[in-house]
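Encoded as structure tokens, the structure appears first; notes follow it.
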Amino acid sequence: RAEEARAGEARAEEARAGEARAEEARAASVLQCAWRSHVAREVRGREAAAQEVKRPPGRHTGITTEAAASRDVEGSAVRLQSAWRCHAARNQLAWRRKQRAKAIKVSREVRLARSIRVKSTRWKHTNKKVSTRFLFASKSVKGQRAGMKRFLNDFNATLQVFQQMYSEIKTRHAQATKLQSWYLKKRQDQQSKLNYKERLKHEEERLLASTASDTIKYAWLCHTAVLEARFMRRLTMSASNHAAGVILSHWKMHRAKAVMEGLRTLKHVNVIKQAILCHAARKRMRAKRKMIKSKRVLMLVVKVQCIVRKYLALRRAKKRVRANRVMQRWVGKF
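Below is the structure:
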């Protein structure tokens, strides 16, 4: 029985070895056929290129096989290059779209926070209803006094900046006069008179340009400060504290409307356009201050408070589509 088992194993091994040899022979024959066909293709290509055999009459009449082959190669290279460029452009567009969406999201939140909140206060993120006392002027005398105190603090800080810039301008003037006197002394030397004259002219032009730019900047800042002071003086000199609160609430409502329009269009409002809008709004308030009816303005303020409260609640609940829909529906009514 053991001998029979060993004989059976030997027969099985021989059968497996025979199958492996047959597979190797088949693979070798397939490889040999492929090599022969490749060599034959190359030989035919060389013969066709040597004999300049033209294609049969039809669409490509008059084009040799070599030219057709080169044209096919060039066409495939162009197609491959165009496909790669399209792929790279698609990737770049996707990346830019993602970055733009991220930037729009961040700038939208920043614009909303900057335009609605007051500088000295911060939003308290709680589950309660959104408080609107930071949005519009308070009706109480205490709140109006606090707002006036905040404005005076900001105005004093601005004046300190102006004084610092004015002292810097004075020091630059002193430096310019000192340099001028030094150059005048040096010009007495007859040997280097022309060189010192050219250097003096160049230095004077540079100092005059820098001084003029500083003077223009200081004058513009003083102009804006005077406008702010005149606006707040008119508020304080109004008929009563209630009227001042109504006018200030109208101004805050105008700012909220500007914020809504900016959120709707999703465009960056630059500093010059914002300054022009603020200046036009002040002129409009000065013209229409006597025509404002307190009851109508208060009703409009309450309506805007409801709109902003609903919008912020939807945004906090991450319902952006509904929030934008609410905002677009109410912005048109203003």
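Numbering of the sequence shown is given in my numbering, commencing with residue 702 and proceeding in unit increments.
Glycine included, each C-beta is placed from N, C-alpha and C at the ideal position.
Its chain contains V1027 as the residues whose beta carbon lies nearer than 7 Å to that of K1011, once the 5 sequence neighbours on both sides are disregarded; these appear in chain order. Taking the CA atoms as reference points, E869 sits about 26 Å from F852. Look at R722 here: in three-state DSSP terms it is helix. DSSP, reduced to helix, strand and coil, places R702 outside both helices and strands of the structure shown, so it counts as coil. Inter-residue distance for K902 and H874 is about 16 Å (C-alpha atoms, whole angstroms). Distance from R1030 to A1024 at the Cβ level is roughly 11 Å; contact not present, criterion being Cβ atoms closer than 8 Å. Linking V740 to S730 through their CA atoms gives a straight-line distance of about 15 Å. Residue environment analysis places V807 among the exposed positions, since fewer than 16 neighbouring C-beta atoms fall within 10 angstroms of its C-beta. Assignment of A1018 by DSSP, reduced to helix, strand and coil, places it in the coil class.
Take the alpha-carbon of A723 and the one of V744: they are about 31 Å apart. A residue is called buried once 16 or more other Cβ atoms fall within 10 Å of its Cβ, and Q865, having fewer, is exposed.
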